[in-house]
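For reference, the structure is listed below as structure tokens.
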Ligand SMILES: [Zn+2]
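Residue numbers (my numbering): 19 to 503.
Structure (structure tokens):
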């Protein structure tokens with residue numbers, strides 16, 4: 019299925035709803051295929067695995083006809099329903115099943131359907147010589163191809179379920195659909211016609227769900243048993259560790275920033291605009307250098323670096339754009355930032371139990387807040403600078419993509435949102451019996467993709483801006499902006 023476009027989503031109160039979810043409410047866990055239904059129909063999967071699709075479907079057909087004749091009131095060939103049949107009926111069913119398939123076909127299920135809990139089943143299907151590990155392997159391999167409800171294997175099972183339902187007479191369908199259904203077992207999955215029949219089967223099988231009573235007990239028993247039986251099998255993501263040599267590039271960058279620093283201190287020491295712009299870019303430079311010095315390009319902190327470099331770049335462009343609308347936007351920008359410092363300072367002063375080892379140094383921050391003006395004259399504005407959030411600022415300076423494609427992604431890491439947590443701190447378990455859950459990645463099995471190329475890209479944009487404003491020295495400027503890894 020093609021991913022849907024952003025514009026097809028319904029945007030309401032700041033939330034994008036996918037086109038599918040606007041017309042459907044998601045199924046609850048017990049009704050979902052892998053959790054709630056696969057355990058009920060795994061026996062069908064075992065028969066198909068043992069005999070192959072064509073012979074397997076024939077054998078299952080014979081089995082469900084027997085089941086329907088024995089229990090005409092049954093609407094689905096659910097394992098839990100079979101297991102709760104009265105002894106003579108259950109025994110008679112198993113006896114007839116064993117005339118169609120060999121005992122070892124569904125014997126792996128005895129690992130879960132044990133003598134103590136399901137004695138009739140165990141009596142008929144237990145094969146003591148069948149190695150436990152082998153029984154596990156068969157179950158897991160079968161589940162592997164069935165966990166996704168849209169695989170061919172899962173669709174084969176859903177066909178059987180649907181067919182049983184039709185046999186029971188509860189579901190009525192059109193003759194045209196019935197004819198297609200009858201063709202299903204005779205056609206190979208590669209057949210062009212199947213592209214139409216498979217989705218039809220899946221959607222028709224879903225309709226019957228609403229009539230089902232879920233056997234919560236059985237499903238809970240199944241998952242508890244199978245998940246405890248096997249260990250996690252970690253599936254790790256590994257990106258290339260950043261080890262490209264950028265020392266030459268960093269030296270050239272240093273040369274540029276040294277030049278800017280000389281320009282400010284010796285030529286125009288009191289130029290407030292230049293001071294603010296150079297200071298912001300110096301902050302970007304330092305963050306970049308820090309990431310390099312400590313090899314943070316593959317780390318979570320590296321993402322913070324990209325994010326702040328983007329924010330700085332957008333902020334400079336924004337300040338330049340709005341300069342003419344303000345009396346002195348450069349001063350306002352400084353006072354805005356100091357005001358936020360003052361706010362934290364005030365909270366510290368009012369707090370009784372300050373931890374002296376905290377990384378907030380009250381005396382030092384107090385000195386900074388009072389550096390040029392008396393603290394009392396600094397306003398504390400807890401809104402966004404110029405009352406525009408970073409998204410609006412990015413739009414105002416035509417950097418919507420930089421914001422939408424990079425900044426937002428890296429923000430997830432800074433705010434500890436789930437996508438970032440999943441990507442950086444969890445590792446996938448490839449065991450279907452564990453429903454492919456994720457486990458904490460405390461031993462750094464995963465790493466993240468290097469942020470170095472993006473840091474260079476934003477640094478280039480930043481330098482281009484500085485060059486437009488002040489002219490940067492050749493040929494260092496050309497070399498630095500040409501640099502790529
Ligand atoms: Zn696991």
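In this text, a Cβ means the ideal position worked out from N, Cα and C, and glycines have one as well.
Proximity below 8 Å, CB of residue 277 to CB of residue 483: For residue 277 and residue 483, no; Cβs fall outside 8 Å.
Close Cβ partners of residue 112 (< 6 Å) along its chain, the five nearest in sequence each way excluded: For residue 112, where only same-chain residues beyond five positions count, the Cβ hits under 6 Å are 142.
Proximity test, residue 457 beta-carbon vs ligand 1 heavy atom, cut-off 7 Å: yes
Contact test: residue 323 Cβ vs ligand 2 heavy atom, cutoff 7 Å: No copy of ligand 2 occurs in the structure displayed; its ligands are ligand 1 alone.
Proximity below 8 Å, CB of residue 182 to CB of residue 82: Cβ distance < 8 Å, so residue 182 and residue 82 count as in contact.
Beta-carbon separation (whole angstroms), residue 254 vs residue 464, contact threshold 8 Å: Taking the Cβ atoms as the reference, residue 254 lies roughly 6 Å from residue 464, within the contact range of under 8 Å.
Closer than 7 Å: residue 144 CB and nearest ligand 1 heavy atom: No, Cβ of residue 144 sits at least 7 Å from all heavy atoms of ligand 1.
Burial state of residue 498 (16 or more Cβ within 10 Å): buried
Heavy atom of ligand 1 within 7 Å of residue 449 beta-carbon: yes
Contact set for residue 397: own chain, Cβ-Cβ below 6 Å, skip 5 residues either direction: 357
Other residues of its chain near residue 131: CB distance less than 6 Å, five sequence neighbours each side excluded: 139
Beta carbon proximity, residue 420 to chain E, threshold 8 Å: In the displayed structure, chain E is absent; only one protein chain is listed.
Residue 220 beta carbon less than 8 Å from that of residue 168: Yes. Within cutoff.
Cβ neighbours of residue 99 in the same chain (closer than 7 Å, five flanking residues each side left out): 92
Close beta carbons around residue 44, own chain, < 6 Å, minus the five adjacent residues each side: The predicted model places residue 44 with a pLDDT of 48, which falls under 50 and marks its position as unreliable, so this point remains unresolved.
Touch test, the segment 416-424 against the segment 318-335, Cβ-Cβ under 8 Å, three pairs minimum: yes
Beta-carbon separation (whole angstroms), residue 242 vs residue 160, contact threshold 8 Å: In fact, because the Cβ distance is near 19 Å, the residues do not count as touching under 8 Å.
Pair within 8 Å by beta-carbon distance, residue 503 and residue 258: no
Segments assigned alpha helix (DSSP H), at least 4 residues, entirely inside the segment 184-223: 193-201
Cβ-based burial, residue 592 [other Cβ within 10 Å; buried from 16]: Here the chain covers residues 19 to 503 and nothing more, so residue 592 does not appear.
Any alpha helix (DSSP H) of 4 or more consecutive residues that is wholly inside the segment 397-428: 408-414
Inter-residue Cα distance where the pair is residue 298 and residue 348: 11 Å
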